[in-house]
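First up is the structure itself, then whatever we jot down about it.
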Amino acid sequence: MQTVQQQLQDKINAALLAVGVDLSGVSPDVFQVVPCANAQFGDYQFNGALPLAKANKTNPRALAQSLLEKLDVAGLCEAPEIAGPGFINLRLTREFLESMAAQVLGDERLGVPLTATPRTVVVDYPSPNVAKPLHVGHIRTMFIGDAIARLLRFAGHQVISDDHIGDWGTPIGMVIWGWPRFGDENFLGQNALEAMGNVYKTVKAMTGAKEGGTLTPQAKETLAAVREETAKLHRGDEQALALWKKLRDASQVEINAAYAQLGIKVDVTLGESFYHERLGNIIEDLKSKGLALESEGALIVPFEEPLHLRDKPMLVQKSDGSFLYATTDLATIQYRMETWAPDEMVYVVDARQSDHFRQLFAAVKLWGFDKVSLKHITFGTILGEDGLPLKSRTGESPKLSDLMSEAQSRARATAQEKNAELSEEQLNEIGRVIGIGALKYADLSQNRVSDYIFSWDKMLAFQGNSAPYLIYAYVRVRSIFRRAQSEGLITDLPEKLTLSEAAELDLVKFILRYPLEIETALGDYRINAISDYLFSLSQKFTAFYDACPVVKSESPQRESRLALCELTARVLKHGLNLLGIETVEQM
RNA sequence: GCGCCUGUAGCUCAACGGAUAGAGCAUCUGACUUCUAAUCAGACGGUUGAAGGUUCGAUUCCUUCCGGGCGCGCCA
0 MQTVQQQLQD KINAALLAVG VDLSGVSPDV FQVVPCANAQ FGDYQFNGAL
50 PLAKANKTNP RALAQSLLEK LDVAGLCEAP EIAGPGFINL RLTREFLESM
100 AAQVLGDERL GVPLTATPRT VVVDYPSPNV AKPLHVGHIR TMFIGDAIAR
150 LLRFAGHQVI SDDHIGDWGT PIGMVIWGWP RFGDENFLGQ NALEAMGNVY
200 KTVKAMTGAK EGGTLTPQAK ETLAAVREET AKLHRGDEQA LALWKKLRDA
250 SQVEINAAYA QLGIKVDVTL GESFYHERLG NIIEDLKSKG LALESEGALI
300 VPFEEPLHLR DKPMLVQKSD GSFLYATTDL ATIQYRMETW APDEMVYVVD
350 ARQSDHFRQL FAAVKLWGFD KVSLKHITFG TILGEDGLPL KSRTGESPKL
400 SDLMSEAQSR ARATAQEKNA ELSEEQLNEI GRVIGIGALK YADLSQNRVS
450 DYIFSWDKML AFQGNSAPYL IYAYVRVRSI FRRAQSEGLI TDLPEKLTLS
500 EAAELDLVKF ILRYPLEIET ALGDYRINAI SDYLFSLSQK FTAFYDACPV
550 VKSESPQRES RLALCELTAR VLKHGLNLLG IETVEQM
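Right under this line is the structure:
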């Protein structure tokens with residue numbers, strides 16, 4: 000089905016054609032029909048008359064007037080109006096809204112069209128390092144990455160979420176070297192990530208020990224030993240490999256458990272180690288193509304463009320012959336191209352790695368993969384209360400597992416306090432859904448590019464603009480339906496709604512904007528467009544809930560309001576699902 | 001030094017180049033014998049860091065300056 004915006008757009012386009020205005024030299028997004036920011040002007044507006052007037056050497060109001068004469072919106076809108084300097088304001092008719100709402104209700108996709116240009120997209124997330132514990136700093140890649148994957152899938156794209164875990168670099172080398180010295184075998188079985196994280200932190204501290212600004216002799220010695228241990232692993236040394244496998248598998252179990260608790264779904268897990276056999280060939284290939292050069296004993300890929308990378312080459316092989324992150328990333332891209340031939344790869348990674356990805360993407364282009372679109376979807380850093388980034392190695396950042404259990408127990412306690420009729424089982428489920436949902440919402444409702452300071456109260460907010468607020472709106476609908484059911488008032492959904500109150504009209508109009516919000520969010524992966532929309536939707540529903548009795552109203556208004564409730568609930572549930580947030584039936 | 005990001009209400013944040021810059025929290029006033037008050041109605045709160053520029057129109061784009069964060073060859 001066509002969205003409201005598309006229908007209006009078609010009418011405007013036809014009018015533009017009929018008037019014969021010169022569209023050249025004006026950016027196409029100027030012709031977009033958009034929702035009015037302020038409802039007092041109308042529901043949608045067309046602002047194109049202003050820029051077009053200039054190109055056509057006329058005045059905007061006159062141009063808007065001639066457009067109006069050719070604009071046929073009968074059946075959709077009331078008579079259009081020209082306002083201000085030349086805005087054309089469109090107000091949808093009640094009849095149109097009544098019939099559109101029923102159509103959307105009958106549509107599995109809630110009125111959201113499938114993309115006209117499906118792509119195959121690899122989404123790279125969360126890609127944690129197996130040697131370090133998961134802490135709150137990891138939630139952004141998990142939540143944002145997962146939401147992007149869900150959003151793309153819903154839009155009709157082929158998505159492969161690929162967890163590129165860090166299991167072959169220096170961090171795991173540190174743990175392998177340190178394990179016989181500081182490792183706790185018993186603890187490994189109980190909490191692998193923490194057991195390994197402890198060793199990692201110890202070794203990291205040892206290799207970083209400084210005196211008067213330079214590394215101590217012991218630190219240098221340890222660093223050399225770690226490098227040798229890592230090199231042994233990469234050479235295929237049996238002992239190192241056996242220990243590596245044991246440690247990696249143990250931490251993978253825990254990583255998987257965390258994903259399961261958080262509802263993070265990855266399609267494939269292909270860590271760095273998966274690519275190690277390719278690395279030598281890649282170096283040879285880069286050399287033979289003249290892309291890689293020797294510099295200070297190491298091998299680099301230099302760049303001519305972009306300009307700021309001119310003095311910033313990408314290092315692909317260390318002077319001791321071992322490989323780096325960048326090398327593995329090249330291999331990963333090669334593998335993905337061979338295996339899935341994607342149109343796009345999306346890396347959901349902290350903004351601090353921007354330079355690395357610029358280098359990588361530039362190198363990949365030189366290397367010959369110039370068709371695939373490579374995107375680094377950056378996000379801001381989560382900072383500690385001191386305003387500095389959380390660091391896993393200092394161990395001072397809250398652990399992800401603590402955050403999850405705190406969220407769930409607070410949500411459970413609140414539910415128990417609010418509703419005495421809930422069973423133990425229900426309380427546990429509500430605690431889980433609301434707790435995890437609140438965490439996700441706190442992160443996803445924020446513009447992804449900005450940093451934020453971690454705060455328990457912010458992450459676990461249960462009032463106002465928060466997941467519980469949205470889920471509560473959903474629960475209220477379910478509650479109405481339970482009541483209606485018990486009173487025998489459930490009938491087939493009406494073919495068209497019967498709208499009279501301002502709150503009803505307002506709600507319907509907003510529901511019909513869902514496709515537009517999905518489109519906005521997909522534009523540059525701005526997930527908070529969805530959360531903002533859902534919050535406003537919940538506010539509008541609550542206003543309706545307060546103003547319009549449902550069960551106690553008379554037919555056909557009752558059926559119409561039930562339909563409107565159902566529609567709201569479905570959009571809410573659907574939108575929350577795109578964010579990876581579940582719903583409950585009662586709370 | 002170079003590069004990227006950022007500066008909006010007391011706090012945390014929104015705002016495809018569009019009309020009177022919006023929410024939440026906090027503070028204050030009200031609303032539960034009512035389809036669940038994890039709620040609602042209302043009040044208070046702004047020189048969008050500063051100055052220029054482009055535009056019919058700038059929180060949004062450009063320039064400069066000021067403040068904050070991050071990154072910059074053998075880590076990932």
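With numbering that gives the first Met the number 0, letter number 548 in the first sequence gets 547, and the count goes up by one each step, no holes.
Virtual Cβ for every residue (Gly too), placed ideally from N, Cα, C.
Because the structure is a prediction, the values reported are computed rather than measured.
Contact annotation: residue 562 and residue 493 have beta-carbon atoms nearer than 9 Å. By the beta-carbon neighbour count (other beta carbons within 10 angstroms, threshold 16), residue 484 is exposed. Assigned with DSSP and collapsed to three states, residue 269 falls in coil, not helix or strand. Within the DSSP bridge table, the entry for residue 76 names 91 as partners. Comparing alpha-carbon positions, the option among 28, 250, 54 lying closest to residue 196 turns out to be 250. Between residue 347 and residue 74, the C-beta spacing is not below 9 Å. Residue pairing by DSSP puts residue 375 in a beta bridge opposite 346. Look at residue 295 here: in three-state DSSP terms it is coil, with no helix or strand label. In summary, residue 331 is buried, with 16 or more beta-carbon neighbours lying within 10 Å of its beta-carbon over all protein chains present. About 12 Å separates the CB atoms of residue 543 and residue 568; that is not less than 8 Å, and the two are not in contact. Around the beta carbon of residue 462, a 10 Å sphere encloses fewer than 16 other beta carbons of the protein chains shown; the residue is thus reported as exposed. Residue range 3-18 is occupied by the alpha helix (DSSP H) that includes residue 4. If you keep only unbroken alpha helix (DSSP H) runs of at least 4 residues inside the segment 391-429, you get 399-417. For residue 509, there is no enclosing beta strand (DSSP E); the enclosing alpha helix (DSSP H) has its first and last residue at 501-510. A contact is defined here as three or more CB-CB pairs under 8 Å, and the segment 150-168 meets this definition with respect to the segment 261-279. For the options 302, 449, 574, the alpha carbon positioned closest to that of residue 153 is the one of 574. By the C-beta criterion, the segment 204-211 is judged not to be in contact with the segment 136-151, since fewer than 3 inter-stretch pairs fall below 8 Å.
If the five residues before and after residue 81 are omitted, its C-beta is found closer than 7 Å to the C-beta atoms of 60, 63, 64, 67, 87, all from its own chain and listed in chain order. In the three-state scheme derived from DSSP, where H, G and I count as helix and E and B as strand, residue 128 is classed as strand. Straight through space, the alpha carbons of residue 487 and residue 100 are spaced by roughly 24 Å. When C-beta atoms of the segment 172-188 are compared with those of the segment 155-163, fewer than three pairs fall below 8 Å, so the two segments do not count as touching.
Under the DSSP definition of a beta bridge, residue 322 partners with 316. Leaving aside the five residues that flank residue 375 on each side, the residues in its chain whose CB is nearer than 6 Å to its CB run, in chain order, 346, 356. Boundaries of the beta strand (DSSP E) around residue 119: 119-123.
Note on geometry: alpha-carbon atoms of residue 224 and residue 247 lie some 20 Å from one another.
Judged by DSSP in its simplified three-state form, residue 245 adopts helix. Residue 165 is bridged by DSSP to 128. If only complete runs of 4 or more residues are kept, the segment 183-260 shows the alpha helix (DSSP H) at 184-189, 191-206, 216-234, in order along the chain. Between residue 430 and residue 407, the C-beta spacing is below 9 Å.
Excluding five sequence positions before and after residue 512, the CB atoms of its chain that fall closer than 7 Å to its own CB belong to 34, given in chain order.
Boundaries of the alpha helix (DSSP H) harbouring residue 153: 138-154, taken from the DSSP string. Between residue 239 and residue 228 the beta-carbon gap is near 6 Å, inside 8 Å, which marks them as a contact. The bridge partners DSSP lists for residue 81 are 87. With respect to residue 506, residue 539 sits close: the two C-beta atoms are nearer than 9 Å.
Spanning the alpha carbons of residue 364 and residue 125 requires a straight line of approximately 24 Å.
As the crow flies, the alpha-carbon of residue 95 is around 42 Å from that of residue 266.
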